[in-house]
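Input: a single structure, listed below in structure tokens.
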Amino acid sequence: MVQNSPSRLVIASRESRLAMWQAEHVRDRLTLLYPQCDVKIVGMTTRGDQILDRTLSKVGGKGLFVKELEVAMAEGRADLAVHCLKDMPMVLPEGFAMAAVMEREDARDAFVSNDYASLDDLPAGAVVGTSSLRRQALIAARYPQLVIKPLRGNLDTRLAKLDRGEYAAIILAAAGLNRLGLAARIRALLSPETSLPAPGQGTLAIEIPERDDGLDLVALLAPLHHAHSALVSIAERKVSQVFGGSCQIPLASYATIDGDQMHLRAMVATPDGTRMISAEARGPAADAEALGLQVAELLRVQDAEGILAACLSEAAQADDDARSAELAASAAGKPAA
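Sequential numbering from 10 applies to the sequence shown in our numbering.
So this is what it looks like as structure tokens:
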């Protein structure tokens, strides 16, 4: 037990229902551990929540979901923040640290549809929604007859778009659906062989600011840390970090542990799925970072950097086209399409 635990802690959280569930989950765990501590949640809207008409790859990526929370911590308005690990940048800003990685939920992707039981059942031309270039590439490679369209918004917004008939099916993280009691919406779970998960998918992480008041938040949060989940996240995120992991890169990496051995698989592709490479390796779980570097090198020798450069070039061209369209529409006195 931590000595001299604080009388009050404030958790910064996005205001979506899933983000609040995550913050409440951590609050409840801390309240049980430290009943004398008053744990509060302060909700806020991030840039990632506000921009819903463009994909993350076009508006700044993962950091859009954490910046406002970090500002709140830096200003002393909050003591910690709870994130989906897959939404966290690979390198945190100076002055912040990842204090705990919690036990992983189901890391798989989920197929959600009101009319079809699986991706295999979708007819040619059916529209599938996803917010992820990774999922887009994997589906396009395996099911080129399907039409893949961007899907933004929080979990409830995405499900509402499906229910309005805007998509024949959508692909979501199983973990979020499970956490909100929506597992019944899942028609099929996609195996890692079909849809390799994103680094850290299904895992919650707790971010803290550096502090000089003597409070040891790392020690305070240690009971929430799950060593097994932390090790696989280190390996998975190392692969992404090597290649400058961001929402502009269709990259997957997924690790499992059996005894003292870790198995790590990774994939890099173009968004349309026409070029895709993969690699895997096994090694001691205790050397998770080294295993991540090994798999990254296996991808590198297959021209992963060339594929990713093409992805970034395509994204830059799309941004230029969008800006040109906005300028042309502005000059014509009407909104861009």
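We put the CB at the ideal spot given by N, CA and C, even for glycine.
Note that this is a predicted model, so its numbers are computed, not measured.
Query - Straight-line gap, Arg-26 to Arg-188 (C-alpha atoms, nearest Å) - result: As a first step, residue 26 must be located in the sequence shown, where it is residue number 17. As a first step, residue 188 must be located in the sequence shown, where it is residue number 179. So the alpha carbons of these two residues sit roughly 10 Å apart.
Query - Contact under 8 Å by Cβ, Ala-177 with Ser-238 - result: As a first step, residue 177 is located in the sequence shown; it is residue number 168 there, counting from the start. As a first step, residue 238 is located in the sequence shown; it is residue number 229 there, counting from the start. Against a cut-off of 8 Å, the Cβ pair of Ser-238 and Ala-177 comes out as no contact.
Query raised in the report: Can you list, in chain order, the residues of its chain whose CB lies under 8 Å from that of Val-156, leaving out five sequence neighbours each side?
Result: In the sequence shown, residue 156 corresponds to position 147, counting from 1. Short of 8 Å from the beta carbon of Val-156, and not among the five residues preceding or following it, lie these beta carbons of its own chain, in chain order: Gly-134, Ala-135, Val-136 and Val-137.
Query - Gln-154 versus Leu-128, Ala-28, Arg-161 and Asp-172, residue with shortest Cα-Cα distance - result: Numbered from 1 along the sequence shown, position 145 holds the residue referred to as residue 154. When only C-alpha atoms are compared, the closest one is Leu-128.
Query raised in the report: How is Ala-92 classed by DSSP in three states: helix, strand or coil?
Result: The residue given as residue 92 occupies position 83 in the sequence shown. In the sequence under discussion, the amino acid at residue 92 is His, which differs from the Ala named in the question. His-92 carries a strand assignment under DSSP once its states are collapsed to helix, strand and coil.
Report task. Would you kindly work out how many angstroms separate the C-alpha atoms of Ile-180 and Asp-221, rounded to a whole number? Result -> Translated into positions along the sequence shown, residue 180 becomes position 171. Translated into positions along the sequence shown, residue 221 becomes position 212. Rounded to the nearest angstrom, the two C-alpha atoms are 43 Å apart.
Report task. Would you kindly check if the distance between the Cβ of Met-271 and the Cβ of Ala-305 is under 8 Å? Result -> Within the sequence shown, numbered from 1, the residue matching residue 305 stands at position 296. Within the sequence shown, numbered from 1, the residue matching residue 271 stands at position 262. Ala-305 is not a Cβ neighbour of Met-271, given a cutoff of 8 Å.
Query raised in the report: Under the rule that 16 or more other beta-carbon atoms within 10 Å means buried, what is Ser-200, buried or exposed?
Result: Along the sequence shown, one-based indexing puts residue 200 at 191. Classification for Ser-200: exposed.
Query raised in the report: Since Tyr-263 sits in a beta bridge, which residues does DSSP pair it with?
Result: Start at 1 with the first residue of the sequence shown, and residue 263 comes out as number 254. Answer by DSSP bridge pairing, in chain order: Arg-274.
Report task. Determine the DSSP secondary structure at Thr-54, reduced to helix, strand or coil. Result -> Against the sequence shown, residue 54 aligns to sequence position 45. Thr-54: coil per DSSP, three-state reduction.
**Report entry** Residues that Phe-120 bridges to, as DSSP identifies them
**Finding:** For the purposes of this step, residue 120 is identified with residue 111 of the sequence shown, where counting begins at 1. In DSSP, Phe-120 forms a bridge with Ile-180 and Ala-197.
Requested in this report: Quick one: using the 10 Å Cβ neighbour count with 16 as the cut-off for buried, is Gly-268 buried or exposed?
Outcome: Position 259 of the sequence shown holds residue 268. Looking at its Cβ environment, which holds fewer than 16 other Cβ atoms inside 10 Å, Gly-268 is exposed.
Query raised in the report: From Gln-45, Glu-24, Thr-40 and Ala-32, pick the residue whose C-alpha is nearest to that of Met-53; which is it?
Result: Within the sequence shown, the letter at position 44 stands for residue 53. When the alpha-carbon of Met-53 is set against those of Gln-45, Glu-24, Thr-40 and Ala-32, the nearest one is in Glu-24.
Requested in this report: Out of Val-48, Glu-112, Asp-96 and Arg-113, state which residue places its alpha-carbon closest to the alpha-carbon of Arg-86.
Outcome: Translated into the one-based positions of the sequence shown, residue 86 becomes position 77. Looking at the Cα atoms, Val-48 is the closest of the given residues.
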